[in-house]
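One structure is given below, encoded as structure tokens.
Protein chains: 2
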Amino acid sequence: MSEEQAIVRSALIIIGNEILSGRTQDANLNYLAKQLTALGIQLSEVRAIRDDMEEIVSSVNSLRKRYDYVFTTGGIGPTHDDITCESIAKAFGRKYVLNLKAKKILEDYYDGSSNKLNEARLRMAHTPEGALLVDNPISKAPGFIVENVIVLAGIPAVMRAMFESVAPTLRTGRRILSKSISVMTGEGDIASVLTDIQLKWDSVEIGSYPFVKDGNYGTSLVLRSSNIKILELAYEELLQNMDQISVLYEVED
Amino acid sequence: MSEEQAIVRSALIIIGNEILSGRTQDANLNYLAKQLTALGIQLSEVRAIRDDMEEIVSSVNSLRKRYDYVFTTGGIGPTHDDITCESIAKAFGRKYVLNLKAKKILEDYYDGSSNKLNEARLRMAHTPEGALLVDNPISKAPGFIVENVIVLAGIPAVMRAMFESVAPTLRTGRRILSKSISVMTGEGDIASVLTDIQLKWDSVEIGSYPFVKDGNYGTSLVLRSSNIKILELAYEELLQNMDQISVLYEVED
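Listed in order, the protein sequences are those of chains A and B.
Just add 6 to wherever you are in the first sequence, counting from 1, and you've got our numbering.
Just add 6 to wherever you are in the second sequence, counting from 1, and you've got our numbering.
Listed below in structure tokens is the structure:
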């Protein structure tokens, strides 16, 4: 197996009480899931945890050993409840230090601005010792990388800009391709056919997702594989079977 | 401390490859977070994991020991990729059996329907041995409860109906109250005042959430506590301080 074909796996840790209290609807999981999938990095697991240093440390340390990359979102601002940076430093047993490159970025940004680079904002120039910075073209205060842990902002627009900065540097792996159809037949009536096709094409991941349209049950079927030939063969077989038992509703790409 | 004042903690496990591939935007986390918070049950942690038996078993077994309740969503339909029920049975070391009450519910539902209670649909009448059923007023196939693990559907409308069925039976605890204001001042300019207030009112959780409105930075401040008197005192002090350093933007309830 060549290096291009290896699976690269990642996890995401969403940090913030506001997600768990329901005050804020997370928008980062779905964005990162789509982006990582498109790049050829599997998002294998997501955790949403509270702004609690022990919880951040234990989640980071548990996941960074198991996955190629761990992304975190949230908790890197200037206020007392932003404790992600200190927690990452603690997880790696590194000092939490003023990063001179980050300080320079903030000095340049606030120089001539009506806002001052005060002590609170200077917190955003602190990172674990030896961290690499992640560019933030929007509000400047950078994210950072320590080993395989990539620390991003929680505000969706800033998180996206940071992710775009870091994406070209990521090692990518086997890209998963997918083909989908939707049929106006309930899952219960196609389940046994699906099971047969899944058993035959065991390297293809076949997902079955029920929906309701105009009061009728339908099912979206998604086939996923890194091998285009096998994917198309399995898809052809699925189409033929669906033709026999269902009104074909929509073929998606 | 009386029993009413105890904190009741819970975790949520979102099961499904479609969430992690980005195909589906999860809608259950935010709904459950709001409902649980309103009931007086803290949502302490959320995990999104793949349709993988070992991962489901290990997540369930890790979380059910640490929290009063564990909710799961997804993976209880009739198709081959619905493996939540078998996984829960395995996590508890219980047999995976035909539940006669669930079978009766499905027989009544499909009797006279154009759909048949075939082998695939009968899978939805299987549960871990000794499970209690959770009523599903929408599509009938029930959720279930084993000890402190509550297994719900993934389709948001069905999940919500199941949660409403089970909510009145849940043990609830200390209810968290909140008060919020939004100010048109960046976090960096109010951070030191917030730190002082947080240190003084250490039983109040003060969250600070930046936003951008019409190109200007603002901050939403959320104070949360189970003690209404302390919450109001901390809030008064926050208001007085914000009056001095910021244009008050909006007071929310």
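Here a beta-carbon is modelled for each residue, glycine too, at the ideal position from N, C-alpha and C.
| query | Cβ of Y215/B less than 8 Å from any chain A Cβ? | reply | At least one beta carbon of chain A lies nearer than 8 Å to the beta carbon of Y215/B.
| task | Mind checking the stretch 86-113 of chain B against chain A and listing, in chain order, the residues whose C-beta falls within less than 9 Å of any C-beta there? | result | The stretch 86-113 of chain B vs chain A, Cβ under 9 Å: H86, D87 and D88.
| task | Measure the beta-carbon distance from V14/A to D74/A and round it to whole angstroms, keeping in mind my assumption that it falls under 8 Å. | result | Between V14/A and D74/A, the beta carbon gap of about 5 Å places them in contact (Cβ cut-off 8 Å).
| message | On the DSSP letters alone, give me the boundaries of the beta strand (DSSP E) that A54/A sits inside. | response | According to the DSSP assignment, A54/A belongs to the beta strand (DSSP E) that extends over Q48 to I55.
| If the cut is a Cβ gap below 7 Å, which residues of chain B does Q204/A touch? | Within chain B, the residues whose beta carbon sits less than 7 Å from that of Q204/A are H86, listed in sequence order.
| query | Taking DSSP as the reference, what is the three-state secondary structure of T178/B? | reply | Residue state, collapsed to three classes: coil.
| message | For P134/B, which residues in the same chain have their Cβ closer than 8 Å to its Cβ, ignoring the five residues on either side in sequence? | response | Cβ within range, chain order: C91, I94, A95, F98, R100, K101, Y102, V103, F150 and V152.
| Alpha carbon of S8/A to alpha carbon of V210/A, nearest angstrom | Annotation note: pLDDT 46 at S8/A (below 50); position unreliable, coordinate value reported separately. Straight-line Cα distance between these residues: approximately 20 Å.
| message | For chain A, check one thing: does any of its Cβ atoms lie closer than 8 Å to the Cβ of G83/B? | response | So, interface residue.
| task | Quick one: residues in its chain with C-beta nearer than 8 Å to the C-beta of N124/A, no 5 flanking neighbours on either side, listed in chain order? | result | Excluding five sequence positions before and after N124/A, none of the CB atoms of its chain fall closer than 8 Å to its own CB.
| Three-state secondary structure (DSSP) of I89/A | I89/A carries a coil assignment under DSSP once its states are collapsed to helix, strand and coil.
| request: Leaving out five residues on either side along the sequence, give the residues of the same chain with a beta carbon under 8 Å from the beta carbon of I144/A. | output: The beta carbon of I144/A sits closer than 8 Å to those of A163, V164 and A167, all from its chain and outside the five residues before and after it, given in chain order.
| field | Straight-line Cα distance separating D114/B from Y37/A | value | If I take the Cα positions, the gap works out to 42 Å.
| Skipping 5 residues on each side, what residues in its chain have a beta carbon closer than 7 Å to that of P84/B? | A126, R127, R129 and M130.
| field | Proximity test, Cβ basis, 8 Å: D208/B and chain A | value | Judged by the 8 Å Cβ criterion, D208/B is not in contact with chain A.
| query | Which residue comes first and which comes last in the beta strand (DSSP E) that contains A17/B? | reply | R15 to I21 is the extent of the beta strand (DSSP E) around A17/B.
| chain B partners of A126/A, CB-CB under 7 Å? | For A126/A, the chain B residues whose Cβ falls inside 7 Å of its Cβ are G194, A197 and S198, in order along the chain.
| In the DSSP assignment, what are the bridge partners of R230/B? | Bridge partners of R230/B: S184/B and E211/B.
| said: Just verifying my parser: in three-state terms, what is the DSSP assignment at I151/A? | reply: If DSSP states are grouped into helix, strand and coil, I151/A belongs with the strands.
| Name the chain A residues that come within less than 8 Å of S232/B, Cβ to Cβ? | Simply none; closest approach about 13 Å.
| Q41/A versus L245/B - alpha carbon distance | The alpha-carbon of Q41/A is positioned some 41 Å away from that of L245/B.
| Taking the C-alpha atoms as reference points, what is the distance between T191/A and N67/B? | Going from the Cα of T191/A to the Cα of N67/B covers about 36 Å.
| said: Can you tell me whether I234/A is buried or exposed? The criterion is at least 16 other CB atoms within 10 Å of its CB, across all chains shown. | reply: The Cβ neighbour count for I234/A, taken over all protein chains shown within 10 Å, is under 16; the residue is labelled exposed.
| Identify the residues that DSSP records as bridge partners of F217/B: which are they? | Answer is G224/B, bridged to F217/B.
| said: Using a Cβ-Cβ cutoff of less than 7 Å, which residues in the same chain neighbour H132/A once the five nearest sequence positions on both sides are dropped? | reply: Once the five neighbours on either side are set aside, the close Cβ partners of H132/A are C91, Y102, V103, L104 and N105.
| message | Within a Cβ cutoff of 8 Å, which residues of the same chain sit near T178/A, ignoring the five residues on either side of it in sequence? | response | So the list reads V14, L45, G46 and I47, once near-sequence residues are dropped.
| Alpha carbon to alpha carbon, what distance is there between I89/B and Y215/A? | Taking C-alpha positions only, Y215/A is separated from I89/B by approximately 14 Å.
| query | At a Cβ cut of 7 Å, what residues of the stretch 40-62 of chain A count as close to chain B, listed as they run along the chain? | reply | Of all residues in the stretch 40-62 of chain A, K40, T43, L49, S50, E51, V52, R53, A54, I55 and R56 have a Cβ within less than 7 Å of some Cβ in chain B.
| Is it right to say P148/B is buried, meaning 16 or more other beta carbons lie within 10 angstroms of its own, or is it exposed? | Under a 10 Å Cβ-count criterion, P148/B is classified as buried, with 16 or more other Cβ atoms of the shown protein chains found around its own Cβ.
| task | Using only alpha-carbon positions, find the residue among A240/A, D220/A, N154/A and D195/A that is nearest to V76/A. | result | Closest option to V76/A, Cα to Cα, is N154/A.
| request: Measure the beta-carbon distance from D262/A to N142/B and round it to whole angstroms, keeping in mind my assumption that it falls under 8 Å. | output: In the structure as shown, chain A starts at 7 and stops at 259, and residue 262/A therefore has no counterpart that could be examined.
| message | Would you say E243/A lies against chain D (beta-carbon separation less than 8 Å)? | response | Although the question refers to chain D, the structure presented lacks it and instead comprises the protein chains A and B.
| task | Could you name the residues of the same chain whose beta carbon sits closer than 6 Å to that of I182/B, not counting the 5 residues immediately before and after it, in chain order? | result | The residues are R230 and S232.
| said: My assumption, with CB atoms under 8 Å, is that S65/B sits in contact with I19/B. Please give the rounded CB distance. | reply: The distance from the Cβ of S65/B to that of I19/B is about 5 Å, consistent with a contact at the 8 Å cut-off.
| request: Give me whichever residues DSSP pairs with T79/B in a beta bridge. | output: Per DSSP, the beta bridge partners of T79/B are I20/B and L158/B.
| For K110/A, which option in G80/A, K146/A, H86/A and G136/A has the closest C-alpha, if you only look at C-alpha atoms? | Minimum Cα distance to K110/A is reached at K146/A.
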